[in-house]
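In UniProt numbering, the protein residues as written are 1 to 432. Each residue gets a CB set at the ideal place from its N, CA and C atoms; glycine is no exception. Structure, as structure tokens:
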């Protein structure tokens, strides 16, 4: 009963106030009928409080998200299944699922009545334009009487996770530089002669399995030859994401950093589908190896939570990548860098690595006056030239650029020379 009195709504408290006013008026005026009205006005909210306060429903709730991982801008369907485990029917139930601000307003659903051992399901959709990991729940159930005079709250502690991952854009098939760098014997020779699994032949040795005899080679050489199984080819690639706060510009989903995160996700998924063993390194300290069991989910979940690091620097990023000399292909997504920082990135070209850098001109995400624009363009050109001179392939990225249109430049062998000449002219013109 005490819980019920604490749960009186504004309407219930108004009834009690009206009852008190009517009782005082009845005593002053000596009107018995007015006193009966006062009693009636007081009894209604008290009965409602007793009814709701004594209700001890046994309710079970199950929540499911379909899907639990969605890209930015997509929707997920949330299904709530509420079951009455008691023998008594419930009254009116108001369901409210708590959501973070990024997923929109809290959904509210009214269930008029749940019979004994009866279950009912309700559904709603959520949509997020900002990537991240969000908690859906807990579910709050408000119990009320038919007149709305009393309302009590019950909550379920369980919550579910909704992961909003970056937008992944399909990329065209491009032959990349350094695609044959990795472990195992020559892939080009293996594919040209026998295919991926049957690489070459050698002379028969005592103890070899006769089922491995290669009869065509035996007939050609006149000696017994067996198939030599080579180690499977393993192409390696490392995607490096620059998270320096001062290297990116813009706010919200249209910021330069969000473009870089989406590009990193698209490139990582594309390379994994092409058969690369992938490693993701971000400036905030993350170092993730994609495995067959985890699929793309591990990479995308990491990119869903990556944030700008105001204390990040290129030296730390280079040191983190070089902790493991995987070699192979390195694809970097960098914000604005200085010429000194561009020279530091030359340290990633060790161990025969081929480096391709997507260099974002983050100043184009801002509206600058003509003089400031010229200075920003000059600084960007000088940094790109420094990267080219250190052996990187550079793909310039401006605001509004689309990754599928830029991706072929990563595989063009001559694009670096043309860009180097154009940038040299830009720098020379700026010096004059």
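Counted as a single uninterrupted DSSP element, the stretch harbouring residue 268 is not any beta strand (DSSP E) but the alpha helix (DSSP H) occupying residues 256–273. Here residue 203 carries a strand assignment [DSSP, helix/strand/coil]. In the three-state scheme derived from DSSP, where H, G and I count as helix and E and B as strand, residue 31 is classed as coil. Residue 17 places its beta carbon 9 Å or farther from that of residue 145.
Going by DSSP, residue 354 is part of the beta strand (DSSP E) stretching over 354–360. Judged by DSSP secondary structure, residue 216 falls within the alpha helix (DSSP H) whose first and last residues are 215–221. As DSSP reads the structure, residue 412 sits in no beta bridge. Residue environment analysis places residue 201 among the buried positions, since at least 16 neighbouring C-beta atoms fall within 10 angstroms of its C-beta. In this structure, the straight-line span from the alpha carbon of residue 360 to that of residue 153 is close to 51 Å. In the pairwise beta carbon analysis, the region 76–93 is classified as touching the region 108–116: at least three pairs are separated by under 8 Å. With a beta-carbon spacing of about 6 Å, residue 328 and residue 235 fall inside the 8 Å limit used to define contacts.
Membership of residue 162 in any alpha helix (DSSP H) is not indicated; the residue belongs instead to the beta strand (DSSP E) covering 160–165.
Here residue 278 really is in contact with residue 268; their C-beta atoms are around 6 Å apart, less than 8 Å. Put simply, the region 316–324 does not touch the region 205–220. Fewer than three CB pairs are less than 8 Å apart. With a cut-off of 8 Å on Cβ pairs, the region 298–318 is in contact with the region 254–268, counting three or more such pairs.
Contact annotation, residue 295 with residue 243: C-beta distance approximately 24 Å; criterion of less than 8 Å not satisfied.
Residue 106 sits close to residue 96, with the two beta carbons spaced by under 9 Å. By the beta-carbon neighbour count (other beta carbons within 10 angstroms, threshold 16), residue 203 is exposed.
Residue 270 holds the alpha-carbon nearest to the alpha-carbon of residue 403 among 163, 270 and 250.
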